[in-house]
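In case it helps, the numbering used here puts the sequence shown at residues 308 to 813.
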Amino acid sequence: MTHVFTQGGRIRRYLRQEKKIAQPRKPVIYNSKKETRMFRKTLVQMITLLVVGLMVLSACGSPTPAPAPAQPEKVEVVVTQLVPVEVTPTAQPVVEKPKPTGKIVLWGWSFGVLFDSGLVDEFNKEYPDITVEWVNYATADTYQNLKLALASGGGPDIAQIETSHLAGFVELGGLADMTEWVTPYKDKMNAYKWVDATKDGKIYAMPWDSGPVVLFYRRDIFEAAGFSSDPKEVEKLVSTWDKMLEVCKTIVEKTGSPCFAQNKAQNYGRMYESVLWQQGLGYYNEKGEITVNSPGNVATLEMFGKFWDANVVSDELEWTEGWVNAFGAAEKPLATHLEASWMGNGLKFWLAKGQDSKWGAVLMPAMKEGQPRAANSGGSNMVILEESKNKEAAWAFIEFMLGRERSQLMQLAQADFFPALETTYNDPLFIQGDPFYGGQRIREVYREAAKQIPEARIYGPYKELMSGHVATAIQKYATGQMSAQAALDEAAQAISNETGMPIAKP
308 MTHVFTQGGR
318 IRRYLRQEKK
328 IAQPRKPVIY
338 NSKKETRMFR
348 KTLVQMITLL
358 VVGLMVLSAC
368 GSPTPAPAPA
378 QPEKVEVVVT
388 QLVPVEVTPT
398 AQPVVEKPKP
408 TGKIVLWGWS
418 FGVLFDSGLV
428 DEFNKEYPDI
438 TVEWVNYATA
448 DTYQNLKLAL
458 ASGGGPDIAQ
468 IETSHLAGFV
478 ELGGLADMTE
488 WVTPYKDKMN
498 AYKWVDATKD
508 GKIYAMPWDS
518 GPVVLFYRRD
528 IFEAAGFSSD
538 PKEVEKLVST
548 WDKMLEVCKT
558 IVEKTGSPCF
568 AQNKAQNYGR
578 MYESVLWQQG
588 LGYYNEKGEI
598 TVNSPGNVAT
608 LEMFGKFWDA
618 NVVSDELEWT
628 EGWVNAFGAA
638 EKPLATHLEA
648 SWMGNGLKFW
658 LAKGQDSKWG
668 AVLMPAMKEG
678 QPRAANSGGS
688 NMVILEESKN
698 KEAAWAFIEF
708 MLGRERSQLM
718 QLAQADFFPA
728 LETTYNDPLF
738 IQGDPFYGGQ
748 RIREVYREAA
758 KQIPEARIYG
768 PYKELMSGHV
778 ATAIQKYATG
788 QMSAQAALDE
798 AAQAISNETG
808 MPIAKP
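Okay, here's the thing in structure tokens:
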């Protein structure tokens, strides 16, 4: 069988030989009543032959006159009465449900790991009659084309959607209800991954990978500032954001390196959202009320104000050239970076390439001692479109890739995709040391973070709209135009005006 990989106009074909499926053997069925009658008949025949045989032997004896006959010896023949026993017939053979067949089309940007790791090959060994075609769209192109497809009734069978955009597509409609399929996996996946996949009790996606947020730090800069660079010690040093602020002040004083990047005028709230998430806060609550200006949200924004006021952060805007250069700067490079586990490879192969053994990672600071030290950022999911003509084959693919430990672990080994499937977390892969991080068991940190991530409502169906207004509020506060409370109040009102959602009472 063939699966097709489409990328940049090129097609790679993988041929598969069809396998014959052995038919189950028909079991032998025993009828208890018939067997009992046959046994009785045989026993009577044997006794009759025994008596006749004794008579023949007597007739063939010596002609010498026999002595006076003795009393014949009594031979007691005991015949056991066979009691009919009702025997349950052997179970009928289990008829296996035919395996799905046909072609499935995938849209997304991360399916390459499934091909490169050999997982698609393994899938086709188990499902030789399913053809897999991947159209490699960039993230933005995936979403744009997917919206057009949902509106027109076309599109792929399976699409990749980030958790940050998932609720919006669920609200848009056109995704298949996957509740029955994914229910057996609900308790095995990161709980927070189901929030944005669910609407009115129905689930429309299967979690793929997660993005547990941790604090990456430069070991050499911490040492130059007079601190220990050992992860266990650093984790204690930065156990809260207040403690982190004091550490940052020392780093700037002793080394000149900014603690992390946090732009003011164009800040779009990425780090702010992570700190909200770790507290279980967000932009709306379970009742559908806006919480953008809640006391917790205001306090979080004011916490960032302390770092700006202390002049311990860089004003470089994330994901710009200046920000990229700040990681590899010969003088005064960034000392830390708060980001999800997927940034681990980003540092290793891109932002901090060549800085082997200079980096480490610890749990992010908490707002208060004892509170969660973890958040989620990003991560993807797979969905099936309602218009798909081959939903069974699509689910077979999703279940194989995301619901099986081996598949998730192969993706972790191949591309460091951190699995949403928690039953994988005891695998030895999680305790391998990483030379880039000074031999630290970096995945142990990710795993510990993933276990304590609370549910939060930051993404949601109006994520882009809400994030846009919140970003404006952050910028106004950071540049001194408004107080945190006033800026977030303004954002909450704007969101309410555009969505019709009520604002939660304090």
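C-beta atoms are modelled at their ideal positions from N, C-alpha and C, and glycine is treated no differently. Here the structure is a predicted model, which is why all the values come from computation and not from measurement.
Item                                                                                                                                                                : Value
At 4 residues or longer, and completely inside the segment 595-633: list those alpha helix (DSSP H) runs for me, N to C.                                            : 602-616
For Glu383, I'd like the list of residues in its chain whose CB is within less than 8 Å of its CB, leaving aside the five on either flank, ordered along the chain. : Caution applies to Glu383, whose pLDDT of 39 falls short of 50 and renders its modelled position unreliable; the value that the coordinates give is listed next. So no residue of the chain qualifies.
Tell me whether the beta-carbon of Asn688 lies closer than 9 Å to the beta-carbon of Lys500.                                                                        : yes
Helix, strand or coil for Ala791, going by three-state DSSP, please let me know.                                                                                    : helix
Considering only C-alpha positions, which residue in the set Trp414, Ser774, Phe422 is nearest to Asn600?                                                           : Ser774
Which residue's Cα is closest to the Cα of Lys433: Ala778, Lys758, Met708?                                                                                          : For the sequence presented, residue 433 should be read as Glu rather than Lys. The option with the nearest alpha carbon to Glu433 is Met708.
On the DSSP letters alone, give me the boundaries of the alpha helix (DSSP H) that Ser687 sits inside.                                                              : Here Ser687 belongs to no alpha helix (DSSP H); instead the beta strand (DSSP E) covers 687-691.
Just to confirm the assignment, what range does the beta strand (DSSP E) spanning Phe523 have?                                                                      : 520-525
Under the assumption that Phe611 contacts Gln569 (Cβ atoms under 8 Å), give the Cβ distance between them as a whole number of angstroms.                            : 7 Å
So what does DSSP say about Pro407, is it helix, strand or coil?                                                                                                    : coil
If distances are taken between C-alpha atoms only, which option among Asn733, Ala700, Ala703 comes closest to Leu716?                                               : Asn733
Let's test the definition: count the other Cβ atoms within 10 Å of the Cβ of Ala572 and tell me whether it reaches 16, buried, or not, exposed.                     : exposed
Give the C-beta separation of Gln759 and Ala681 to the nearest angstrom, bearing in mind that I take them to be a contact with Cβ-Cβ under 8 Å.                     : 5 Å
Looking at chain D, is there any beta carbon in it that lies within less than 9 Å of the beta carbon of Asn443?                                                     : Checking the listed chains, one finds no chain D in this structure; it contains a single protein chain.
From which residue to which residue does the alpha helix (DSSP H) around Glu646 run?                                                                                : That residue, Glu646, is in no alpha helix (DSSP H); its beta strand (DSSP E) goes 643-647.
Would you identify the three-state DSSP class for Val545, choosing helix, strand or coil?                                                                           : coil
Which residues in the same chain have their Cβ closer than 7 Å to the Cβ of Val412, if we skip the five residues on either side of it in sequence?                  : Glu440, Val442, Pro463, Asp464
Could you give the uninterrupted runs of the alpha helix (DSSP H) lying entirely in the segment 452-532, keeping only those of 4 residues or more?                  : 470-479, 486-489, 526-531
Ends of the beta strand (DSSP E) at Asn443?                                                                                                                         : 437-443
Which same chain residues end up closer than 8 Å to Leu736 when comparing Cβ atoms and leaving out the 5 residues on each side of it in sequence?                   : Leu716, Leu719, Ala720, Arg750
With which residues is Asn683 paired in a DSSP beta bridge?                                                                                                         : Pro519
From the DSSP output, which residues share a beta bridge with Leu670?                                                                                               : Val521
So what's Ile802 in DSSP terms, helix, strand or just coil?                                                                                                         : helix
Compute the distance between the beta-carbons of Thr598 and Arg764, then report whether it is under 9 Å.                                                            : yes
Starting from Gln782, trace the alpha helix (DSSP H) in both directions and tell me its first and last residue.                                                     : 770-785
Three or more beta-carbon pairs under 8 Å between the segment 548-568 and the segment 640-657, yes or no?                                                           : yes
Assuming Ile437 and Ala700 form a contact by the criterion Cβ under 8 Å, report the distance between their Cβ atoms to the nearest whole angstrom.                  : 5 Å
Alpha carbon to alpha carbon, how far is Trp414 from Lys327? Give it in angstroms, no decimals.                                                                     : A caution first: Lys327 carries a pLDDT of 31, below 50, which makes its placement in the model too unreliable to give a value.
Within 10 angstroms of the Cβ of Arg754, are there 16 or more other Cβ atoms? Answer buried if so, exposed if not.                                                  : buried
Taking the C-alpha atoms as reference points, what is the distance between Val477 and Ala757?                                                                       : 24 Å
With a 10 Å radius around its C-beta and 16 neighbouring C-beta atoms as the bar for buried, classify Asp663 as buried or exposed.                                  : exposed
Helix, strand or coil for Gly677? Go by DSSP, reduced to three states.                                                                                              : coil
By Cβ distance, which residues of its chain are closer than 7 Å to Pro519, with the 5 residues on each side in sequence left out?                                   : Ala647, Ser648, Ala681, Asn683, Phe725, Tyr753, Ala756, Ala757, Ile760
Which residue wins for smallest C-alpha separation from Pro742, given the options Thr786, Met674, Gly667?                                                           : Gly667
Asp423 lies in the alpha helix (DSSP H); which residues open and close that run?                                                                                    : 419-423
Which value, in whole angstroms, describes the spacing of the CA atoms of Pro491 and Gly661?                                                                        : 44 Å
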